[in-house]
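Engineer: Below you will find the structure I want to go over with you.
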Amino acid sequence: MFDVMFLRHVIVFSLIALLTGCAGLTSREALQGKGDPAQWREHKQQLSSLDGWQINGKVGIRAPRDSGSGTLFWLQRQDYYDIRLSGPLGRGAARLTGRPGGVSLEVANQGRYEAPTPETLLQDQLGWKLPVSHLVWWVRGLPAPDSKSRLTLDDDSRLASLEQ
């Protein structure tokens with residue numbers, strides 16, 4: 009059965025904040041693998057300039073006491089994002105919207121919550137401290153620029169793994 013706890017887990021997974029601009033290869037990134045670092049930097053610059061997308065899909069959550077699935081819609085347009093989540097048959101709908109400086113979460117039959125960042129919203133609503141602002145980078149296959157990272161490149165200089 010789809011319930012509030014499942015919805016909260018899905019929201020945790022999907023929370024993002026906008027971080028724009030190009031992220032060059034920095035000393036905070038450790039590269040390993042057989043790929044060419046120069047090719048990776050060029051590819052990374054191309055991905056960094058991507059500031060708009062739309063994702064439609066299913067999400068699944070497994071937790072020690074709960075699990076389930078739902079649908080995800082994520083619209084990203086430069087500084088604005090709109091993420092919509094719902095459980096089976098549209099139950100338990102939630103919508104997260106935001107711009108730099110403000111995030112709003114609307115949960116069906118529960119109300120509206122606001123915070124300056126998605127991290128603050130997560131801390132206030134669930135008591136969890138997670139780097140959810142990094143999702144906007146990770147979904148593009150990029151390390152978040154404000155944290156140390158370890159990247160492994162494959163033979164074609166593509167990202168094979170990212171630890172952050």
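When the letters of the sequence shown are read in order and numbered with the working numbering, they come out as residues 9 to 172. Here a beta-carbon is modelled for each residue, glycine too, at the ideal position from N, C-alpha and C.
1. What three-state label does DSSP hand Q118 in the structure shown?
2. Please report the residue range of the alpha helix (DSSP H) in which W146 lies.
3. Can you tell me the Cα-Cα spacing of L170 and A152, whole angstroms?
4. Given a threshold of 16 other Cβ atoms within 10 Å of its Cβ, counted over all protein chains shown, does G65 qualify as buried or as exposed?
5. Between the alpha carbons of L167 and R92, how many angstroms are there, rounded?
6. Distance, Cα to Cα, G41 vs S56?
7. Of the residues I69, V144, P72, A71, which one's Cα is nearest the Cα of D154?
8. Check this for me: beta carbons of D74 and L83, under 7 Å apart or not?
9. What does the alpha-carbon distance come out to for the pair V147 and G98?
10. When you compare the CB positions of E122 and S112, do they come within less than 7 Å of one another, or not?
11. Could you tell me the alpha carbon to alpha carbon distance between S94 and R107, rounded to whole angstroms?
12. Hey, S165 and Q53: beta-carbon distance below 7 Å or not?
13. Looking at the structure shown, is Q131 part of a helix, part of a strand, or coil, going by DSSP?
14. Under three-state DSSP, which class holds L138?
15. Do you know how far the Cα of L104 is from the Cα of E37?
16. What first and last residue would you give for the alpha helix (DSSP H) that runs through K156?
17. Who are the near neighbours of R183 in its chain, counting only those whose CB is closer than 8 Å to its CB and skipping five residues on each side?
Structural biologist: Checking against the coordinates, here is how it stands:
1. Stepping through the sequence shown from its first residue, residue 118 is reached at position 110. Three-state result, Q118: coil.
2. Along the sequence shown, read from residue 1 onward, the residue named residue 146 stands at position 138. First-last of the alpha helix (DSSP H) with W146: 143–146.
3. By one-based count along the sequence shown, residue 170 stands at place 162. By one-based count along the sequence shown, residue 152 stands at place 144. Computed Cα separation, rounded: 10 Å.
4. Locating residue 65 in the sequence shown gives position 57, where the first residue counts as 1. G65 comes out exposed.
5. For the purposes of this step, residue 167 is taken as the residue at position 159 of the sequence shown. For the purposes of this step, residue 92 is taken as the residue at position 84 of the sequence shown. If I take the Cα positions, the gap works out to 28 Å.
6. Sequence index remark: in the sequence shown, residue 41 carries index 33 (1-based). Sequence index remark: in the sequence shown, residue 56 carries index 48 (1-based). Spanning the two alpha carbons is a distance of roughly 21 Å.
7. By one-based count along the sequence shown, residue 154 stands at place 146. Of I69, V144, P72, A71, the residue nearest in Cα terms is V144.
8. On the sequence shown, position 66 is the one that residue 74 refers to. On the sequence shown, position 75 is the one that residue 83 refers to. No, these two residues do not count as a Cβ contact at 7 Å.
9. For the purposes of this step, residue 147 is taken as the residue at position 139 of the sequence shown. For the purposes of this step, residue 98 is taken as the residue at position 90 of the sequence shown. V147 and G98: Cα-Cα distance of roughly 24 Å.
10. Numbered from its first residue, the sequence shown carries residue 122 at position 114. Numbered from its first residue, the sequence shown carries residue 112 at position 104. Yes. Within cutoff.
11. Numbered from its first residue, the sequence shown carries residue 94 at position 86. Numbered from its first residue, the sequence shown carries residue 107 at position 99. Their Cα atoms are separated by approximately 22 Å.
12. As a first step, residue 165 must be located in the sequence shown, where it is residue number 157. As a first step, residue 53 must be located in the sequence shown, where it is residue number 45. No. Outside cutoff.
13. As a working note, residue 131 is residue 123 in the sequence shown. The answer is helix: DSSP assigns Q131 an H, G or I state.
14. Residue 138 sits at position 130 when you count from the first residue of the sequence shown. Of the three classes helix, strand and coil, the one that applies to L138 here is coil, per DSSP.
15. Position 29 of the sequence shown holds residue 37. Position 96 of the sequence shown holds residue 104. Their Cα atoms are separated by approximately 31 Å.
16. Within the sequence shown, residue 156 is the residue found at index 148, counting from 1. That residue, K156, is in no alpha helix (DSSP H); it is neither H nor E in DSSP.
17. Limits of the chain in this structure are 9 at one end and 172 at the other, which puts residue 183 out of reach.
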